[in-house]
Amino acid sequence: MTDTPPSPGTSLEARGRLYRHYLFNDFLSFHYEHVIDADYGGFMCTVDRDGTRVADTKTAWYEGRGSWTFAYLYNHIDPDPRHLETARRSVEFILRTRPDEEHFWPRSLSRQGEPLQPPQPPNSNDLYGDCFIAAGIAEVARALDDDGYRDVARQILRKCVRLYDRADFCPDDRSWLGDDAPPITGMRTISAWMLFLWVGQTLLDDRHDDEVEAIVSRSIEAVLDHHFNEEIGLINEVVDHDLKHTGTTYDQFVPPATVNETLWLAMQHALRRGDARLLERAATQLRRHLEFGWDYVYGGVYMNCHHVDDNRWDHHRKGLWAQVETLNALQLLVEHTDLLWVHEWYAKLSAYLLEKWPADQYGAPLWLDYTDRKVTFEPHWTRADVLHYPRHLMHTILSVERILTASDRPLLSISFPPG
9 MTDTPPSPGT SLEARGRLYR HYLFNDFLSF HYEHVIDADY GGFMCTVDRD
59 GTRVADTKTA WYEGRGSWTF AYLYNHIDPD PRHLETARRS VEFILRTRPD
109 EEHFWPRSLS RQGEPLQPPQ PPNSNDLYGD CFIAAGIAEV ARALDDDGYR
159 DVARQILRKC VRLYDRADFC PDDRSWLGDD APPITGMRTI SAWMLFLWVG
209 QTLLDDRHDD EVEAIVSRSI EAVLDHHFNE EIGLINEVVD HDLKHTGTTY
259 DQFVPPATVN ETLWLAMQHA LRRGDARLLE RAATQLRRHL EFGWDYVYGG
309 VYMNCHHVDD NRWDHHRKGL WAQVETLNAL QLLVEHTDLL WVHEWYAKLS
359 AYLLEKWPAD QYGAPLWLDY TDRKVTFEPH WTRADVLHYP RHLMHTILSV
409 ERILTASDRP LLSISFPPG
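For what it's worth, our numbering labels the leading residue of the sequence shown as 9, then goes sequentially.
Structure, rendered in structure tokens:
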């Protein structure tokens, strides 16, 4: 980093200045120098903190995430043609290995773009890469006003939903609870609905589409009406294919960080269609999962509670994404409501985030990615994030600017008390 970051201060203006510093002088400077592949296009994210390349392979996940980030940056904050070209080249790079309509993208590719695994079968759980790619293509389509790209993004989303609806989708994913967990054939997951929400809203932010609107509405209904477990008052990651609770240990598994990220997306949809009732429901669940998922000893948001009744958490680690996606949801409510608890939690989580996670306090670039529970700095790392860190910076910058420039900021009326 070439500049000393400004003090975060307490004002919105100070927050905006600080986040612009981190976006332009930290994230962009590092990624243009060390991550973006000027020769072949795309992103080589396996780098150490000093920019040393650990591997030059690329992944479907990071191509999709990176193309979305740089296209969104171009569309909303900085119309530098370099950002759009970075996103467009990534899209062209990944589309060369587009699978057929019955498979998901190969997980990883060589630097030159050769698949390192075959396309994933329809009963795998790896629709994530395809969804990230669809979001990236949709945002690039908006920048270029390109109907061809729009159609491709829409086709990928439709394929993912169709394969997700197969009864044999994800037949044996025990990655959350380990080998002792029961297999749930055709499981429904919060993570999948969250991705459908994100891709769908990226398309809808560009233009209306009844079919995409239906996918978004279906995803929100699944999360709030079917994954919600009345017995514990929390939202489960996993339910059966028919959207019923499993009657297994999965009914005790709650991922507060993923839930918070999903609720943020649901609240964006509520604002887009002026749905105060949906905003209220999502905000209520956000408060519940934030209070449930907070580490009351060391601070921060946990990623997963593996068993609610036994109080078993993933105490051994924390992720930046869990903090910033939760803060994104709070930032939205700060902008559009006047709820006291929102401001209190925003101040608490924001102070924790800026104290613990920026790596410049250790003489290193970027913010920390994954850490132990106490957020201990490790001098070496092997991933440069291309989504959660910059997305948080950009959404906060835009929200702060809207608040500062609004002559009469309307507050969405929601029915529960402000305290």
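Backbone N, C-alpha and C fix where the C-beta goes; we use that ideal spot for every residue, glycine too. Please read all numbers here as calculations on a predicted model, not as lab measurements.
query, result
"Gly194 vs Ala175 beta-carbon contact at 7 angstroms", "yes"
"Residue closest to Pro387, alpha-carbon to alpha-carbon, out of His400, Asp393, Arg381, Pro373", "Pro373"
"Contacts around Leu273, its chain only, beta-carbon distance under 8 angstroms, and the 5 residues preceding and following it disregarded", "Met202, Leu205, Trp206, Gln209"
"Bridge partner(s) assigned by DSSP for Cys313", "Val262, Trp321"
"Sequence-distant residues of the same chain with beta carbon closer than 7 angstroms to Glu110, five excluded per side", "Pro130"
"For Ser37: DSSP bridge partner residues", "None, per the DSSP bridge assignment."
"Selection from Asp47, Leu242, Arg104, Ala230 that minimises the alpha carbon distance to Asp248", "Ala230"
"Environment of Val220 [buried if 16+ CB atoms lie within 10 Å]", "buried"
"Length of the line joining the Cα atoms of Asp380 and Val305", "13 angstroms"
"Segment contact, 8 angstroms Cβ cut-off, at least three pairs: the stretch 155 to 163 with the stretch 82 to 95", "no"
"Buried versus exposed, by CB contacts within 10 Å (16 or more), Thr390", "exposed"
"Phe51 and Val342 closer than 7 angstroms at C-beta", "no"
"Beta-carbon spacing of Thr254, Ile198 below 7 angstroms", "no"
"Check: Gln331 C-beta below 6 angstroms from any heavy atom of the ligand PLP", "The model on display carries no ligand, and the ligand PLP is accordingly not part of it."
"Outcome for Gly427 when other beta-carbon atoms lying within 10 angstroms are tallied against a minimum of 16", "Below a pLDDT of 50, predicted positions are generally treated as unreliable, and Gly427, at 38, falls in that range; the measurement from the model is reported next regardless. Gly427 comes out exposed."
"Buried versus exposed, by CB contacts within 10 Å (16 or more), Ala46", "exposed"
"For Pro373, the three-state DSSP class (helix, strand or coil)", "coil"
"With 16 other Cβ atoms within 10 Å as the buried cut-off, status of Glu41", "exposed"
"Whole-angstrom distance between Val309 and Arg430, CA atom to CA atom", "Lying before the first or after the last residue shown, residue 430 is absent from the chain, which here runs from 9 to 427."
"Unbroken stretches of the beta strand (DSSP E), 3 residues or longer, contained in the stretch 22 to 109", "none"
"Contact the stretch 359 to 378 vs the stretch 330 to 338: 3+ CB pairs below 8 angstroms", "yes"
"Per-residue burial, Pro126 [other beta carbons within 10 Å of its own, 16 or more giving buried]", "exposed"
"Residue interval of the alpha helix (DSSP H) (run including Asp218)", "218 to 229"
"CB contact flag (Val148, Ala79, <7 angstroms)", "yes"
"Proximity winner among Thr413, Ala414, Met402, Ser415, relative to Leu26 (alpha-carbon distances)", "Met402"
"C-beta contact flag for Ile164 and Ala146 at 7 angstroms", "no"
"Leu117 - DSSP class collapsed to helix/strand/coil", "strand"
"Close beta carbons around Ala189, own chain, < 8 angstroms, minus the five adjacent residues each side", "Arg182, Thr256, Thr257, Tyr258"
"N- and C-terminal bounds of the alpha helix (DSSP H) containing Ala367", "No alpha helix (DSSP H) contains Ala367, which DSSP labels as neither H nor E."
"Reduced DSSP secondary structure (H/G/I, E/B, other) of Lys252", "coil"
"For Ser378, the three-state DSSP class (helix, strand or coil)", "This sequence places Tyr at residue 378; Ser is not what is there. In this structure, Tyr378 counts as strand in the three-state DSSP scheme."
"Ser98 and Gly74 closer than 7 angstroms at C-beta", "yes"
"Run of the alpha helix (DSSP H) containing Glu343, from where it starts to where it stops", "328 to 344"
"Three-state class that DSSP yields for Phe140 in the structure shown", "helix"
"Buried or exposed by the 16-neighbour rule on C-beta atoms within 10 Å, applied to Gln369", "exposed"
"Secondary structure of Ile243, DSSP reduced to three states", "strand"
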